[in-house]
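For reference, each letter of the first sequence is one residue, going 12 to 279 in our numbering. Glycine residues also receive a C-beta, built at the ideal position from the N, C-alpha and C atoms. Working notes, beginning with the structure itself.
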Amino acid sequence: MPELAEVEHNRQIWARGHGNKVLEVVTRNIRSPIWQGTRAPDLVKTLIRKSLSGSETHGKQMLFQFGRDAWLGIHLGMTGRLSVEPPDYRLGKHDHLALRQADHWLVFSDPRRFGRLRLAHGVDRPSWWTRLPPPILSSRFTKEWVAEFCARRKGTPLKALLLMQERFPGIGNWMADEILWRARLNPKILAGKLSSALIGKLYRWIRWVTVAAMKEMDENWEFPSTWLFRHRWEAGGHCPRCGTELAREKIGGRTTCWCPVCQPQLSK
DNA sequence: TCCTATGTTGTATG
DNA sequence: ACATACAACATAGG
12 MPELAEVEHN
22 RQIWARGHGN
32 KVLEVVTRNI
42 RSPIWQGTRA
52 PDLVKTLIRK
62 SLSGSETHGK
72 QMLFQFGRDA
82 WLGIHLGMTG
92 RLSVEPPDYR
102 LGKHDHLALR
112 QADHWLVFSD
122 PRRFGRLRLA
132 HGVDRPSWWT
142 RLPPPILSSR
152 FTKEWVAEFC
162 ARRKGTPLKA
172 LLLMQERFPG
182 IGNWMADEIL
192 WRARLNPKIL
202 AGKLSSALIG
212 KLYRWIRWVT
222 VAAMKEMDEN
232 WEFPSTWLFR
242 HRWEAGGHCP
252 RCGTELAREK
262 IGGRTTCWCP
272 VCQPQLSK
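Right under this line is the structure:
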């Protein structure tokens, strides 16, 4: 489920354990790719008896701090999620990591196992965290930052462009489609074809959809039916703005949904 | 059975 | 260097 707003939502779930000591660490399926780059016994030894001291998100990434000098990075992949479970909880088949605290378990589960765990030591945040690109809602994420990327990736279709985490951290498949639909930009338009005015428009909708997604997440994930999001998966869905039947096609390797009327190709 | 899936990475190819 | 297409990862659900 995880694009940036839902990643933040998952972080908040585990944040219920802030300030509480880890009394037991259970690891499962440690041969699975989830653990690639992290040795489960190390993780157990590192986290045990430390307190969960803080957490943050960056795009689709999460970072949890334990004590002063231990860090756990989590990427939820396609189907990962975090939960808080009662003390008598029995681990399910898709639970890969569980941390017991005084009155609950913090559980990471992921049926498809595309998620990743990453352990780091040291007082400072790990370098793979501090090197992440400017977040979309930060002051460093400017129109010029987007324009520069469009110029560099001038042959990339906008849909594929928005999925590039190196510049648009946290944007995933549905957000990209929502942004392009609101900006009335066809997903196949090549990044280098956008005028400065259209780049400005794209930039503003990137920020708008990000802010709105965070807000909806706070309000229980009730997206109004005026969003493309609500129609994109329906068979024969229609554009909530003009009623035209939505188009669907793979672009940049992902199923893309757009309105052929609201989002025309650029005219020459 | 076949197809799809809110993600990322690697390989082959142009 | 850039870009695209595709497979791979692993599982569930329509």
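Cβ separation of residue i and residue j, assumed to be a contact under 8 Å, to the nearest whole Å
i, j, result
"W269", "L257", "7 Å"
"V36", "L54", "7 Å"
"S94", "R22", "That pair is no contact at about 12 Å."
"N197", "P122", "Not quite, the Cβ-Cβ distance comes to about 34 Å (not below 8 Å), so this is no contact."
Where the beta strand (DSSP E) containing residue i begins and where it ends
i, result
"H132", "R127 to H132"
"R23", "Contrary to the premise, residue 23 reads as Gln rather than Arg in this sequence. That residue, Q23, is in no beta strand (DSSP E); its alpha helix (DSSP H) goes L15 to W25."
Cα-Cα separation between residue i and residue j, rounded to whole angstroms
i, j, result
"P144", "Q176", "8 Å"
"E260", "L173", "16 Å"
"G97", "A113", "Here the sequence assigns Pro to residue 97, which means Gly is not the residue at that position. Those two C-alpha atoms are separated by around 10 Å."
"D188", "K56", "43 Å"
"R195", "Q76", "41 Å"
"W232", "I24", "15 Å"
"R178", "F160", "8 Å"
"P146", "H69", "7 Å"
"D135", "W82", "9 Å"
"H29", "G88", "24 Å"
"H107", "G263", "31 Å"
"A51", "P44", "12 Å"
"T267", "I41", "34 Å"
"C273", "R164", "24 Å"
"R243", "L128", "31 Å"
Selection from the options that minimises the alpha carbon distance to residue i
i, options, result
"K199", "A109, A171, S94 and R215", "A171"
"R92", "G126, P52 and G30", "G126"
"L58", "T68, A26, L87 and L110", "L110"
"L38", "F160, H20, V118 and A162", "The sequence shown places Thr at residue 38, rather than the Leu named in the question. Answer by Cα proximity: V118."
"R60", "S207, L148 and D80", "D80"
"V18", "L74, I41, G48 and R252", "L74"
"H249", "P271, D229, T266 and E230", "P271"
"V220", "P235, R265 and H107", "P235"
"E14", "Q47, N40 and H86", "H86"
"K204", "A224, T167, I190 and T237", "T167"
"L130", "L148, L191 and W46", "W46"
"R252", "L34, L239, A246 and E245", "L239"
For residue i, the first and last residue of its enclosing alpha helix (DSSP H)
i, result
"E155", "K154 to R163"
"M225", "S207 to D229"
"R193", "N184 to R193"
"A51", "A51 to L58"
"W282", "Look at the range of the chain in this structure, 12 to 279, and you will see that residue 282 is not part of it."
Problem set entry | Stretch-stretch touch, CB-based, cutoff 8 Å, three pairs: the region 151 to 158 with the region 125 to 142 | Below 8 Å, too few C-beta pairs join the region 151 to 158 and the region 125 to 142 to call them touching: fewer than three.
Exercise. Counting pairs of beta carbons, one from the region 204 to 212 and one from the region 98 to 109, are three or more of them closer than 8 Å?
Worked result: No, they do not touch.
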